[in-house]
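Undergrad: Can you keep this structure in mind? I'll have questions shortly.
Protein chains: 2
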Amino acid sequence: MSRLKHPKQFPAADHDHKTCITHALQEAEAYCKQQGLRLTELRRRVLELIWANHQPVGAYDLLEQLTREGRKAAPPTIYRSLDFLMQSGLIHRITSLNAYVGCNHPGLDHAAQFFICEYCGQAAEMDDAQIVSAIAKDAKRLGFTVEKRTIEVAGICAHCRHHSET
Amino acid sequence: MSRLKHPKQFPAADHDHKTCITHALQEAEAYCKQQGLRLTELRRRVLELIWANHQPVGAYDLLEQLTREGRKAAPPTIYRSLDFLMQSGLIHRITSLNAYVGCNHPGLDHAAQFFICEYCGQAAEMDDAQIVSAIAKDAKRLGFTVEKRTIEVAGICAHCRHHSET
DNA sequence: CGGATATTGTTATAATATAACGTAACATTA
DNA sequence: TAATGTTACGTTATATTATAACAATATCCG
């Protein structure tokens, strides 16, 4: 069903936040080193903040967080870092939210689909081959060459639904 | 494959633009009448402009077109009309473009997927049950309740690809 | 008509993103 | 290590998309 070994689920309420961030940063460092990409202080910090937020986060939110840390930052600062991180495959942009979220498996070429909870704001990244192939089939029929897929499903995650059932 | 009787294709270069607009407007009028929705002068004109552009068009583009016609219009004017038209199912919003496009089958409850050509800017609306069911399957596995799907595929349409092959 | 509701006008501003240009850091190689 | 080219970052200004808040007008219905 999924081409990924460890498709992200909605994280459990008690999952280890810190380990999760640390792990993502370590992977990113290793990946950039291997690829000759320059994960500078700033870029690293932006990536870390994205993971620390642990859900899709807006550019101006990140900007404010950087500013609060005493770093001089204007919009271009953050957008350039976001561009780098996206091009490097370390984060994804969620179009329907204008927000950015860490990628669970940098380096792996993958189509990403997001399931976004409207209550808690968390997003689960999937890579469903069936969706991809259904799109490919339509594209073929249209004679359309696919460049980029934007697949974002909004709704309510299991956790929030159970808690809202009064 | 498609649940629609007449899934939109990329319109042929020689298709009859005027008839196409007229038809959409007539359908909209009939639909609104039947549903008791008020397709006012303004809303009708906005819908007409969207169809006349015949590809996804931005709110501020529409605004400018209205202004050029001598109508006093500020952003809220256009956004309110767009909201009405979306809620009535007469147009769709294409998130990845921040643009609006006419719906081919108002009234029909349907999931829409868009194939958007990066060259000519045209968008083809599809309603592929396979995509929808693949998403439903993932959602079920996650315990996720789907509210809204955003499925937009960017690429190059057949027509533009042929013309770019020098 | 007259009151309620829906629509539109108007002004201001929020939220997201980029252009343009200058400066600093870094990397390479003579 | 100094010269040079390249990449990243700082800074200012502005573009683009969208909404808040409130006033004025049009429409509906008893």
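Which chain is which? The protein sequence lines are Y and Z, in order.
Here the first sequence stands for residues 404 to 569, numbered as in the working numbering.
Here the second sequence stands for residues 404 to 569, numbered as in the working numbering.
All C-beta atoms, glycine included, are put in the ideal place defined by N, C-alpha and C.
Given the structure is predicted, the values throughout are model-derived calculations rather than measurements.
Any C-beta of chain Y sitting closer than 8 Å to the C-beta of Q533/Z?
TA: With 8 Å as the cut-off, Q533/Z counts as an interface residue toward chain Y.
Undergrad: So with Cβ pairs under 8 Å, would you call R447/Z a contact of chain Y?
TA: no
Undergrad: For Q481/Z versus V504/Z, is the C-beta spacing smaller than 8 Å?
TA: Looking at the sequence shown, residue 481/Z is not Gln but Ile. Result no, Cβ atoms of I481/Z and V504/Z do not sit closer than 8 Å.
Undergrad: What three-state label does DSSP hand F487/Y in the structure shown?
TA: Reduced to three states, the DSSP call for F487/Y is helix.
Undergrad: What does DSSP give as the partner residue(s) for C520/Y in the beta ladder?
TA: G558/Y
Undergrad: For E430/Y, which residues from the same chain have a beta carbon less than 7 Å from its beta carbon, with the 5 sequence-adjacent residues on both sides left out?
TA: P509
Undergrad: Using CA atoms only, rank isn't needed, just tell me which of K475/Z, R471/Z, F487/Z is closest to R441/Z.
TA: F487/Z
Undergrad: Determine, for D419/Z, whether the minimum Cβ-Cβ distance to residues of chain Y falls below 8 Å.
TA: no
Undergrad: Any idea what DSSP makes of A502/Y, helix, strand or coil?
TA: strand
Undergrad: How would you list, in chain order, the residues of chain Z whose beta-carbon sits under 9 Å from the beta-carbon of A515/Y?
TA: Those within 9 Å of A515/Y in chain Z number zero; the least Cβ separation is about 12 Å.
Undergrad: For E430/Z, would you say it is in contact with chain Y, using Cβ-to-Cβ distances shorter than 8 Å as the test?
TA: no
Undergrad: Just to make sure I have the definition right: I need the residues of chain Z whose C-beta is within less than 7 Å of the C-beta of L485/Y. Which are they?
TA: Against L485/Y, chain Z offers no close residue; the least beta-carbon distance is about 16 Å (beta-carbon pairs closer than 7 Å).
Undergrad: Taking 8 Å as the threshold, find out whether the stretch 459-472 of chain Y comes into contact with the stretch 491-503 of chain Y through three or more Cβ pairs.
TA: yes
Undergrad: Do L545/Y and F413/Z count as a contact pair if the criterion is CB distance below 8 Å?
TA: Contact check for F413/Z against L545/Y passes: the beta carbons are separated by less than 8 Å.
Undergrad: Based on the DSSP output, what are the partners of V460/Z in its beta bridges?
TA: Y503/Z
Undergrad: Terminal residues of the continuous alpha helix (DSSP H) containing E472/Z?
TA: Careful: E472/Z lies outside any alpha helix (DSSP H) and carries neither H nor E.
Undergrad: Are the CB atoms of D530/Z and A537/Y within a distance shorter than 8 Å?
TA: The Cβ atoms of A537/Y and D530/Z lie no closer than 8 Å to each other.
Undergrad: Please report the distance separating the alpha-carbon of H565/Z from that of Q468/Y.
TA: Our two residues, H565/Z and Q468/Y, have alpha carbons roughly 48 Å apart in a direct line.
Undergrad: Determine whether the Cβ of V504/Y lies closer than 8 Å to any Cβ atom of chain Z.
TA: no
Undergrad: Drop a sphere of 10 angstroms on the beta-carbon of A527/Y, count the other beta-carbons inside from all chains shown, and report buried for 16 or more, exposed for fewer.
TA: buried
Undergrad: Taking P459/Z as the reference, give the member of P478/Z, E521/Z, K436/Z with the closest Cα.
TA: E521/Z
Undergrad: Hey, would you say I494/Z sits closer than 8 Å to E555/Z, going by beta carbons?
TA: no
Undergrad: Could you tell me which chain Z residues have their CB closer than 7 Å to the CB of R564/Y, listed as they occur along the chain?
TA: Result: T548.
Undergrad: From C563/Y to D419/Z, what does the alpha carbon distance come to, in whole angstroms?
TA: Rounded to whole angstroms, C563/Y to D419/Z spans 50 Å at the Cα level.
Undergrad: Can you give the Cα-Cα distance for C560/Y and D417/Y, rounded to whole angstroms?
TA: 16 Å
Undergrad: Report yes if the C-beta distance between E550/Z and G558/Y is below 8 Å; otherwise report no.
TA: yes
Undergrad: Decide if A433/Y is buried, meaning its Cβ has at least 16 other Cβ atoms within 10 Å, or exposed.
TA: exposed
Undergrad: Pull up the distance between the alpha-carbon of I534/Y and that of Q533/Z, whole angstroms please.
TA: C-alpha separation (whole angstroms): 8 Å.
Undergrad: Could you please give the first and the last residue of the uninterrupted alpha helix (DSSP H) stretch that includes A526/Z?
TA: No alpha helix (DSSP H) holds A526/Z; the beta strand (DSSP E) holding it covers 526-529.
Undergrad: Note the first and the last residue of the continuous beta strand (DSSP E) segment covering H495/Y.
TA: 494-497
Undergrad: Could you tell me which of L511/Y, A515/Y, A542/Y, E472/Y sits nearest to C435/Y, measuring between CA atoms?
TA: L511/Y
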